[in-house]
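Colleague:
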Amino acid sequence: MDSSDDFRKVLEKAFRLLGSRTSSRAILARKLKDRGFEGKLIAQALDECERLNVLNDKAFAEDYIQSLHARGYGLRRIKNTLAQKGIKKELIDELLLSDTPDEKNEERERAKKVFDAKLRLLHKEDDLRKRRDKLFRYMASRGFSADIIYELLRPLK
């Protein structure tokens, strides 16, 4: 079998994988490597997929950010998740401009919704310290900053 047949097989597999779910370049490369394809052919296939715009890390990251925002995750959790998906730090920073006042307000609003929902679930917890600790741990696990969490906890007395 010649290398053009091998390249075609890698490319076809990449298209099949992308047809069922969007992916980042890093994830798709790992999936192709796990299926036994050669690194050089994988890189060529990924380049071709990007050229055809069926593989686009920026579009993947934007969609993933929206999905995580909708599920109530904070910026820290989103940044970590994107990094685990192989998205480059520069692109993450570009897409998550957390220094703008609008973004900070949106983050606070998301945090408030998540906080209020969890607080309602903890209504049976009579010990205020335990309730505050549980809220803090939950909010931190969702990726919200300590500053925002303390701001939300302050009124609880």
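First residue of the sequence shown? That's -2 in the numbering used here, and the numbers climb one at a time after it. Glycine included, every Cβ here is placed at the ideal spot set by N, Cα and C.
Measure the CB-CB distance between Leu38 and Ala11 and report whether it falls below 8 Å.
Modeller: Cβ distance not < 8 Å, so Leu38 and Ala11 don't count as in contact.
Colleague: For Asp54, count neighbouring Cβ atoms within 10 angstroms of its own Cβ and tell me buried if that reaches 16, exposed if not.
Modeller: It is buried - the Cβ of Asp54 has at least 16 other Cβ atoms within 10 Å.
Colleague: Is it right to say Ala108 is buried, meaning 16 or more other beta carbons lie within 10 angstroms of its own, or is it exposed?
Modeller: Ala108 comes out buried.
Colleague: My parser needs the alpha helix (DSSP H) runs of 4 or more residues fully inside the stretch 75 to 113; what are they?
Modeller: The stretch 75 to 113 contains these whole alpha helix (DSSP H) runs: 86 to 92.
Colleague: Of all the options Glu106, Leu72 and Gly33, which has the alpha carbon lying nearest to the alpha carbon of Arg139?
Modeller: Here the closest residue by C-alpha is Leu72.
Colleague: Alpha carbon to alpha carbon, how far is Leu52 from Leu125?
Modeller: Cα to Cα, the separation comes out at about 49 Å.
Colleague: Among Phe112, Ile24, Arg13 and Lys110, which one has its Cα closest to the Cα of Thr78?
Modeller: Checked all of Phe112, Ile24, Arg13 and Lys110; the closest Cα to Thr78 is Ile24.
Colleague: Under 8 Å: do the stretch 117 to 135 and the stretch 77 to 91 share three or more Cβ pairs, one atom per stretch?
Modeller: The answer is no - the stretch 77 to 91 does not touch the stretch 117 to 135, with fewer than three Cβ pairs under 8 Å.
Colleague: For Arg129 versus Leu150, is the C-beta distance shorter than 8 Å?
Modeller: Yes; because the gap between Cβ atoms is below 8 Å, this pair is in contact.
Colleague: At the level of alpha carbons, what is the spacing between Glu100 and Leu94?
Modeller: Cα-Cα distance, rounded: 7 Å.
Colleague: Between which two residues does the alpha helix (DSSP H) holding Asp2 run?
Modeller: Its alpha helix (DSSP H) spans residues Ser0 to Ser17.
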